[in-house]
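Read the sequence shown against the numbering used here and you will find it ends at 330, with the numbers running on by one and no gaps.
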Amino acid sequence: MAAAIRQGGTDADPGLYGPRSVTWQMHGDPVMWIAGVRALYLQALHPLAVRGVLQNSDFRQDAWGRLLRTARFVATITYGTTEAAERAGAKVRGIHRRLSLTDPVTGARHRVDEPELLLWVHCAEIDSYLQVMRRSGYPLTDAQADAYVAENVVSARLVGLAPADVPADTAALAAYFEKVRPELAGTPEAHEVDTFLRRPPVHALLVPAREVIWGRFAALAYGSLPSYAHELYGRPAPPPQVVTRRLRAMGRALRCIPPRARWQLPPKHILRAVERLGPGSRPSPYKLRRNAAILGSGDATGAGPHAAGLHGGGASRLPPGQGGEWRTPG
């Protein structure tokens with residue numbers, strides 16, 4: 001997707017996305033952690049998908065490890081080299097090929113890597129990332145949101161999906177959720193995930209921190225779900241405008257932490273990417289704002305209609321006060 005970047009006399013590999021993509025900028029934001037929890041909530045509402053997780057993993061005993069491994073995978077395919085990203089995808093596909101699940105209702109066996117299950121997991125992630133980031137005040141125009149969905153067809157390919165079967169813009173993503181919504185349910189397994197996400201097991205000394213810090217993260221993630229998800233879980237959430245206001249406040253607070261301090265946390269994918277590609281590759285929402293301003297002024301002549309990420313044509317500004325919110329039906 002991204003061409004090699006010339007730096008210091010050598011061709012540096014920008015990976016599958018590259019610094020000119022929306023994905024590169026967006027995935028470096030700390031609010032992505034809340035978005036990831038929202039994705040878990042949404043994914044758990046698909047009966048077969050959640051059973052596949054609970055029947056084949058140590059989620060109950062090592063949920064933190066699973067969350068960190070998922071975050072590591074996203075960071076690797078975003079900021080790693082092309083080889084590292086492809087290797088990570090091959091590893092995931094290899095694991096999935098060996099796993100299956102039993103539907104307790106019908107007794108039927110299903111492969112974990114059935115396209116329908118992989119597509120649900122992918123779309124729930126992309127929808128969650130977009131929803132939470134835009135409502136937290138992250139600057140994405142509608143055209144940039146479409147570009148983000150299109151860019152991440154590559155992540156769907158890495159886990160085993162055919163690119164032609166994956167939504168490539170926000171309209172197609174919304175249509176997918178309309179289609180799949182009747183299959184969703186608040187199963188006992190979904191409620192088990194909900195219980196865990198609200199109060200994950202921690203050392204006794206960390207319980208106060210869990211209530212103060214994690215509790216707020218989980219509440220925001222749950223509150224940002226569509227209304228039908230709240231109905232399936234059977235517990236209410238604050239009004240959407242209240243959730244958006246709280247996400248904006250949390251976004252401002254988290255973004256006050258210097259990026260370099262945040263990027264010091266293992267496994268330091270962003271720092272390694274910047275070392276590989278140069279300081280100009282540092283992820284920043286400023287680059288998205290700047291590009292939207294250029295496109296809005298009509299000065300972006302020469303940008304092709306399919307140029308990825310920061311050069312998606314026809315960008316439009318978000319309405320003031322909307323919090324960059326884009327909603328799936330329901």
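We put the beta carbon where it would ideally sit given N, CA and C, even for glycine.
Cα-Cα separation, residue i to residue j
i	j	result
residue 237	residue 210	20 Å
residue 140	residue 185	31 Å
residue 46	residue 123	12 Å
residue 134	residue 113	30 Å
residue 171	residue 232	24 Å
residue 247	residue 23	20 Å
residue 271	residue 148	22 Å
residue 20	residue 73	20 Å
residue 302	residue 257	Only weak support exists for where residue 302 lies, its pLDDT of 33 falling under 50; the value from the coordinates is given anyway. Rounded to whole angstroms, residue 302 to residue 257 spans 37 Å at the Cα level.
residue 151	residue 93	20 Å
residue 206	residue 179	42 Å
residue 106	residue 174	29 Å
residue 9	residue 287	Confidence at residue 9 is low in this model, with a pLDDT of 35, below 50, so its placement is unreliable and the value that follows should be read with caution. So the two alpha carbons sit approximately 25 Å from each other.
residue 234	residue 217	19 Å
residue 261	residue 255	11 Å
residue 70	residue 26	17 Å
residue 13	residue 277	8 Å
residue 252	residue 290	19 Å
residue 265	residue 85	20 Å
residue 198	residue 163	35 Å
residue 95	residue 110	15 Å
residue 300	residue 127	Confidence at residue 300 is low in this model, with a pLDDT of 39, below 50, so the placement of that residue should be treated as unreliable; the coordinate-derived value is given next. Roughly 28 Å separates the two Cα atoms.
residue 33	residue 263	13 Å
residue 183	residue 244	28 Å
residue 57	residue 208	28 Å
residue 195	residue 97	29 Å
residue 240	residue 108	39 Å
Neighbour-count burial assignment, residue i, 16 or more Cβ in a 10 Å radius
i	result
residue 282	buried
residue 156	buried
residue 116	exposed
residue 338	The question about residue 338 has no answer here: the residues shown for the chain are numbered 1 through 330.
residue 83	exposed
residue 68	exposed
residue 11	exposed
residue 15	buried
residue 225	buried
residue 314	Per-residue confidence for residue 314 stands at a pLDDT of 32, beneath the threshold of 50, marking its modelled position as unreliable; the derived number appears in the next sentence. So residue 314 ends up on the exposed side.
residue 280	exposed
residue 212	exposed
residue 125	buried
residue 292	buried
residue 305	Low confidence applies to residue 305: its pLDDT is 32, below 50, so where it sits in the model is not reliable enough to give any reading.
Proximity winner among the options, relative to residue i (alpha-carbon distances)
i	options	result
residue 38	253, 111, 223	223
residue 120	250, 52, 198, 200	52
residue 285	259, 195, 277, 241	259
residue 169	257, 107, 145, 137	145
residue 181	255, 228, 189	228
residue 132	266, 29, 261	29
residue 104	255, 188, 289	188
residue 99	201, 55, 277	55
residue 136	242, 86, 111, 143	242
residue 250	230, 239, 219	219
Beta carbon of residue i nearer than 8 Å to that of residue j
i	j	result
residue 77	residue 88	yes
residue 161	residue 101	no
residue 193	residue 44	yes
residue 221	residue 17	no
residue 118	residue 159	yes
residue 129	residue 204	no
residue 269	residue 65	no
residue 138	residue 31	yes
residue 214	residue 200	yes
residue 267	residue 75	yes
residue 50	residue 273	no
Bridge-paired residues (DSSP) for residue i
i	result
residue 109	102
Any chain C beta carbon closer than 8 Å to residue i
i	result
residue 33	No chain C is present in this structure, which holds just one protein chain.
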